[in-house]
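Trainee: The listed protein sequences derive, respectively, from chains A and B.
Position one of the first sequence corresponds to residue 305 (this note's numbering), numbered consecutively onward.
Position one of the second sequence corresponds to residue 1301 (this note's numbering), numbered consecutively onward.
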Amino acid sequence: MCVCVCVCVCLSVFPCDYFFFLPSSLIFSVEDFLNGARVVVSARTYADFTPQATFDIKKCDLHKLDEGPPLQAVLSREEGLQYYRTMQTMRRMELKADQLYKQKIIRGFCHLYDGQEACAVGIEAGINLSDHLITAYRAHGYTLTRGGTVREIMAELTGRRGGIAKGKGGSMHMYTKHFYGGNGIVGAQVPLGAGVALACKYLGKNELCVCLYGDGAANQGQIFETYNMASLWKLPCIFICENNKYGMGTSVERAAASTDYYKRGDFIPGLRVDGMDVLCVREATKLAAEHCRSGKGPILMELQTYRYHGHSMSDPGVSYRTRDEIQEVRSKSDPISMLKDRMLSNNMASVEELKEIDVEVRKEIEDAAQFATTDPEPPLDDLCNHIFYNDPPMEVRGTNPWTKLKSVS
Amino acid sequence: ALTAMAATRLFLSASPVKSSLTGLTGGTRSSLGLTLLKRSPDRTAEPKAQRRHAAHFTYHPDPAPAQYGPTQKMNLFQAVTSALDNTLAGDPTAVIFGEDVAFGGVFRCTVGLRDKYGKDRVFNTPLCEQGIVGFGIGAAVAGATAIAEIQFADYIYPAFDQIVNEAAKYRYRSGNLFDCGKLTIRSPWGCVGHGSIYHSQSPEAFFAHCPGIKIVVPRGPVQAKGLLLSCIADQNPCIFFEPKILYRAAVEQVPTEAYQIPLSQAEVLQEGSDLTLVAWGTQVHVLREVAAMAQEKLGVSCELIDLQTILPWDTETVCKSVVKTGRLLVSHEAPVTGGFAAEISSTVQEECFLNLEAPISRVCGYDTPFPHIFEPFYIPDKWKCFEAVKRMINY
């Protein structure tokens, strides 16, 4: 008791910020001793931060819309830290996947999302977890925002039984509740998304479906078929085109007659959003969600974003664009840096606090990677499971007439 | 710290990566003076992983053909490039198009062609398979030799309607007034070791059910060039599936001049008296090993046939062989139910029923989607085929 009071006084005499210059290991050990005091100190120092601030965001180009999202966004400290943590987790997770792929622990195809974190986090901030989302193969980020854990995601990448799809899907096929993947065939997920939106409308739970695709997929026929159906039946569907300027190795100018992807919906209202700014994405998503929930039908959003990696791990990413370009985007428009600068310059968090988050994130990723490499692979029976829905287990014909495996679901 | 890490990664992505270097990257990413990342995972885990991913076959190159002129060492994708080069040189109406073909293609099959022949003859299409094939049909009908590329056979399904309903039936429904015989569709095909569901499929059986098109699968560079040139010259729409696992693995001496290998003619690679083995593409090399194993361990002499053209297939060669040996084994990577082996099996039993000593064996993939992690168990490797051979001999 004596000791506690003493230390309390000491800490109150010294500048509170001094507490945060201690190395992380010491913070943890101090905490062990002074649990009570730490809480008191925390309340004191956190009160020094700005609880919320307003930021200017870029104006969105509009198509057949009278009003765009507001030009200012309010960010609270908690939200800021949460977005920072999620984006940092996403970034580190993708980089870890890169590392594991190069070590041949992850095999197959791996499409990384780093650079585009603001899109996933911003969209999730604008909708509820009970809404639905479907995207293409660059899906690790969305799996995370939609409720997956890093452990499950990494184990799925390495194909182990602890994976989010039991190790049977791999990088492109990850699913959670209300997240329909993770789809390998380009453009095929868009009509699916419209179908989900129809179910939302039909069931009347005021949910909507966010349906994502890329700039390459925007030239697929089924996208336009879906625009027509969604608009005709006024489905609560937010179509989002993540325009990262390259469809695999083809730049948008060389693939599309019109690169104004937000206008390609023609009769569907659209808006073009700065996809590197999480607040811009969030405000635009809120507007879009409001539009859908009020029964006005679908809406189209184009997020202008950028990916640092190549299309997949087999693509170095520099044969169709210059390293300077990548470097420029990284230094000027990196979503995590932008959020960090905003928070720091408005005294919404301290450098050390953010570094602490970094440390925790790294540890989480390390643990997940460890799990992903040591978890056992799915059992051989799983080869034939889940083909059909079957009450009695059915026999699956094998490579020879005398080998049959059982399929259970 | 961010730029240093970015620089290291850019450096790594450009050069072949070794595990020690990635460990180095991990070390530099530290904060507060503590190295928090572990070094790369335990090295002992690596050999096991790499063993698992060794190819399931050994490539057996054909001897250099003497009758077609000077030859050059080429692998499969270079042989395809050579064939396309010969075509563009000899036929002024020939055009090549598909996703990413301009810079050379994702498998380097069209490297250098755009520079040599111009961007109006070798050009990229947007991402739309249905559009690509439909466009190709139109170009072919109008008189151009159209060579379309579908980036992976797994992506050919949006174009399925165009191929089956438009291309295959054009001559028939117009009473020979129009045809799209100048259309050839090329597509990488088959398992590749880590392709999983959407980069490993073998869809030849879907198209075999459609009269009006021809389907061809080569087993190596020499066959690929000859068969591709035959497909292009053929007056019917052709689909040419290229086994992607052989693009680099298969190296042979290939003639530099143009030559053709006739379609609808199966090739007997090895004569035998006890058992007939039939396959196409990569599986031919698996069965070659099986034939060697059968000879060595069971004293069984196998006759190996490469079907080459799936549709219309050479029933005569296969049936003649079965009449001689009395036993037939057909093998392919596609799932067993409804796979092309079923068609061969059915026809052979019709023609050669009394000659059969044992039921016809089909050693194929399981009736599941092509798995990610289970690929080594899924594919009909030499052990499964050998087992089938043993059972047939002992029937």
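Ideal placement from N, C-alpha and C gives every residue a C-beta, glycine not left out.
As the structure is a computational prediction, the values presented were derived from the model and not from experiment.
Run through the DSSP bridge pairs and tell me what Asn547(A) is partnered with.
Mentor: Counting from one through the first sequence, the residue named residue 547(A) turns up at place 243. The partner list for Asn547(A) (beta bridge, DSSP) reads Gln608(A).
Trainee: Within its chain, find whatever has a CB closer than 8 Å to the CB of Gln392(A); leave out the 5 residues flanking it on each side and keep chain order.
Mentor: For this step, residue 392(A) is matched to residue 88 along the first sequence. Ile640, Ile661, Asp662 and Val665, listed in sequence order.
Trainee: I'd like to know whether the C-beta of Met552(A) is nearer than 8 Å to at least one C-beta of chain B.
Mentor: The residue you call residue 552(A) lines up with position 248 of the first sequence. For Met552(A), the answer is yes, since a Cβ of chain B falls inside 8 Å of its Cβ.
Trainee: Looking only at its own chain, which residues have a Cβ that is under 7 Å from the Cβ of Ser616(A), when we skip the five neighbours before and after it?
Mentor: Here residue 616(A) corresponds to residue number 312 of the first sequence, with the count starting at 1. Taken in chain order, the residues that qualify are Phe413, Cys414 and His415.
Trainee: Using a C-beta to C-beta distance shorter than 7 Å, which residues of chain B count as neighbours of Gln524(A)?
Mentor: Taking the first sequence and counting its residues from 1, the one referred to as residue 524(A) is at position 220. Within chain B, the residues near Gln524(A) are Leu1427 and Cys1428.
Trainee: Cβ of His1494(B) less than 8 Å from any chain A Cβ?
Mentor: Reading the second sequence from its first residue, position 194 is the one you call residue 1494(B). So, interface residue.
Trainee: Just the C-alpha distance for Lys1544(B) and Arg411(A), rounded to the nearest angstrom, thanks.
Mentor: In the second sequence, residue 1544(B) corresponds to position 244, counting from 1. In the first sequence, residue 411(A) corresponds to position 107, counting from 1. Whole-angstrom Cα-Cα distance: 17 Å.
Trainee: Along the region 1625 to 1651 of chain B, what residues have a CB closer than 9 Å to any CB found in chain A?
Mentor: Listed in sequence order: Ser1631, Pro1635, Val1636 and Thr1637.
Trainee: Can you tell which of Tyr484(A), His477(A), Gly474(A) and Gly520(A) has the C-alpha that lies nearest to the C-alpha of Gly491(A)?
Mentor: Taking the first residue of the first sequence as position 1, residue 491(A) is located at position 187. Residue nearest to Gly491(A) within the set Tyr484(A), His477(A), Gly474(A) and Gly520(A) is Gly520(A) (criterion: CA-CA distance).
Trainee: Report back the beta-carbon spacing between Asp360(A) and Leu375(A) to the nearest angstrom; my notes put them in contact at under 8 Å.
Mentor: Reading the first sequence from its first residue, position 56 is the one you call residue 360(A). Reading the first sequence from its first residue, position 71 is the one you call residue 375(A). Correct: roughly 6 Å between the Cβ atoms.
Trainee: Would you please verify whether the beta carbon of Phe1677(B) is less than 8 Å from any beta carbon of chain A?
Mentor: By 1-based counting over the second sequence, the position of residue 1677(B) is 377. So yes, Phe1677(B) belongs to the interface.
Trainee: Excluding the 5 residues flanking Glu587(A) on each side, which residues of the same chain have their C-beta closer than 8 Å to its C-beta?
Mentor: For the purposes of this step, residue 587(A) is taken as the residue at position 283 of the first sequence. Counting only residues of its own chain and dropping the five nearest sequence neighbours on each side, Glu587(A) has a CB closer than 8 Å to the CB of Ile361, Pro373, Pro374, Ala377 and Gly430.
Trainee: Terminal residues of the continuous beta strand (DSSP E) containing Lys1514(B)?
Mentor: As a working mapping, residue 1514(B) is identified with position 214 in the second sequence. Element bounds for Lys1514(B): Lys1514 to Val1516.
Trainee: For Leu1384(B), which option in Val1395(B), Cys1652(B) and Arg1691(B) has the closest C-alpha, if you only look at C-alpha atoms?
Mentor: Within the second sequence, the letter at position 84 stands for residue 1384(B). It is Val1395(B) whose Cα lies nearest to the Cα of Leu1384(B).
Trainee: What is the rounded straight-line gap between the Cα of Val1578(B) and the Cα of Leu1604(B)?
Mentor: In the second sequence, counting from the first residue as 1, residue 1578(B) sits at position 278. In the second sequence, counting from the first residue as 1, residue 1604(B) sits at position 304. Distance between Val1578(B) and Leu1604(B), taken at the CA atoms: about 6 Å.
Trainee: Go ahead and label Asp352(A) buried or exposed: buried means 16 or more other beta carbons lie within 10 angstroms of its beta carbon, across all protein chains shown.
Mentor: Residue mapping note: residue 352(A) aligns to position 48 of the first sequence, counting from 1. When all chains shown are included, Asp352(A) counts as exposed.
Trainee: Measure the C-alpha to C-alpha separation of Ala1508(B) and Ile1463(B) and round it to an integer number of angstroms.
Mentor: By one-based count along the second sequence, residue 1508(B) stands at place 208. By one-based count along the second sequence, residue 1463(B) stands at place 163. The alpha-carbon atoms of Ala1508(B) and Ile1463(B) are separated by roughly 12 Å.
Trainee: Applying the 10 Å Cβ sphere with the 16-neighbour rule, what's the burial state of Phe571(A)?
Mentor: For the purposes of this step, residue 571(A) is taken as the residue at position 267 of the first sequence. The residue is exposed, with fewer than 16 neighbouring Cβ atoms inside 10 Å.
Trainee: Using DSSP's beta-bridge definition, name the partner residues of Arg396(A).
Mentor: For this step, residue 396(A) is matched to residue 92 along the first sequence. According to DSSP, Arg396(A) bridges with nothing at all.
Trainee: Can you give me the start and stop residues for the beta strand (DSSP E) that Trp1683(B) sits inside?
Mentor: Stepping through the second sequence from its first residue, residue 1683(B) is reached at position 383. Note, Trp1683(B): premise wrong, no beta strand (DSSP E); alpha helix (DSSP H) at Lys1682 to Ile1693.
Trainee: Among the candidates Pro682(A), Gly579(A) and Met552(A), whose CA atom is the shortest distance from the CA of Arg625(A)?
Mentor: For the purposes of this step, residue 625(A) is taken as the residue at position 321 of the first sequence. If we check each option's Cα against that of Arg625(A), Met552(A) comes out closest.
Trainee: Using the Cα positions of Pro1676(B) and Val1492(B), report the straight-line distance between them to the nearest angstrom.
Mentor: For this step, residue 1676(B) is matched to residue 376 along the second sequence. For this step, residue 1492(B) is matched to residue 192 along the second sequence. Going by C-alpha positions, Pro1676(B) is about 11 Å away from Val1492(B).
Trainee: What number of angstroms, rounded off, separates the C-alpha of Tyr610(A) from the C-alpha of Leu1527(B)?
Mentor: Along the first sequence, read from residue 1 onward, the residue named residue 610(A) stands at position 306. Along the second sequence, read from residue 1 onward, the residue named residue 1527(B) stands at position 227. If you take the alpha carbons of Tyr610(A) and Leu1527(B), they lie about 42 Å apart.
Trainee: Would a C-beta distance cut-off of 8 Å place Leu516(A) and Thr439(A) closer than the cut-off?
Mentor: By one-based count along the first sequence, residue 516(A) stands at place 212. By one-based count along the first sequence, residue 439(A) stands at place 135. Contact flag set, yes.
Trainee: Pairs of beta-carbons, one from the region 589 to 600 of chain A and one from the region 526 to 537 of chain A, closer than 8 Å: are there three or more?
Mentor: no
Trainee: For Ala1579(B), name the three-state secondary structure that DSSP assigns.
Mentor: Within the second sequence, residue 1579(B) is the residue found at index 279, counting from 1. It is a strand residue.
Trainee: Check whether chain B comes within 8 Å of Cys688(A), counting only Cβ atoms and requiring the distance to be less than that.
Mentor: Indexing the first sequence from 1 puts residue 688(A) at position 384. Interface with chain B (8 Å Cβ-Cβ cutoff): Cys688(A) is included.
Trainee: Given that Lys636(A) touches chain B, what residues does it touch there, using C-beta distances under 8 Å?
Mentor: One-based indexing of the first sequence puts residue 636(A) at position 332. Going along chain B, no residue has its Cβ under 8 Å from Lys636(A), so there is no contact; the nearest lies around 12 Å.
Trainee: Go ahead and label Glu511(A) buried or exposed: buried means 16 or more other beta carbons lie within 10 angstroms of its beta carbon, across all protein chains shown.
Mentor: Along the first sequence, read from residue 1 onward, the residue named residue 511(A) stands at position 207. Glu511(A) counts as buried, since at least 16 other C-beta atoms from the protein chains shown sit within 10 angstroms of its C-beta.
Trainee: So, for Met647(A): in the same chain, excluding its five sequence neighbours on each side, which residues have a beta-carbon less than 6 Å away from its beta-carbon?
Mentor: Locating residue 647(A) in the first sequence gives position 343, where the first residue counts as 1. Excluding the 5 residues flanking it on each side, Met647(A) has same chain C-beta neighbours closer than 6 Å at Gly384 and Ala653, in chain order.
Trainee: According to a CB-to-CB cut-off of less than 7 Å, which residues of the region 1536 to 1569 of chain B neighbour chain A?
Mentor: none
Trainee: Pull out every residue of the region 498 to 512 of chain A whose Cβ sits closer than 7 Å to any Cβ of chain B, in chain order.
Mentor: none
Trainee: Would you mind listing the beta strand (DSSP E) stretches within the region 512 to 600 of chain A that are 3+ residues and don't spill past its ends, in chain order?
Mentor: 513 to 518, 541 to 547 and 574 to 578
Trainee: Any Cβ of chain A within less than 8 Å of the Cβ of Pro1671(B)?
Mentor: Residue mapping note: residue 1671(B) aligns to position 371 of the second sequence, counting from 1. Taking Cβ atoms only, chain A reaches closer than 8 Å to Pro1671(B), which makes this a yes.
Trainee: My assumption, with CB atoms under 8 Å, is that Ala1566(B) sits in contact with Thr1617(B). Please give the rounded CB distance.
Mentor: For the purposes of this step, residue 1566(B) is identified with residue 266 of the second sequence, where counting begins at 1. For the purposes of this step, residue 1617(B) is identified with residue 317 of the second sequence, where counting begins at 1. That pair is a contact at about 4 Å.
Trainee: Does the ligand MN have a heavy atom nearer than 7 Å to the CB of Arg450(A)?
Mentor: Absent from the structure shown: the ligand MN. Ligands present: none.
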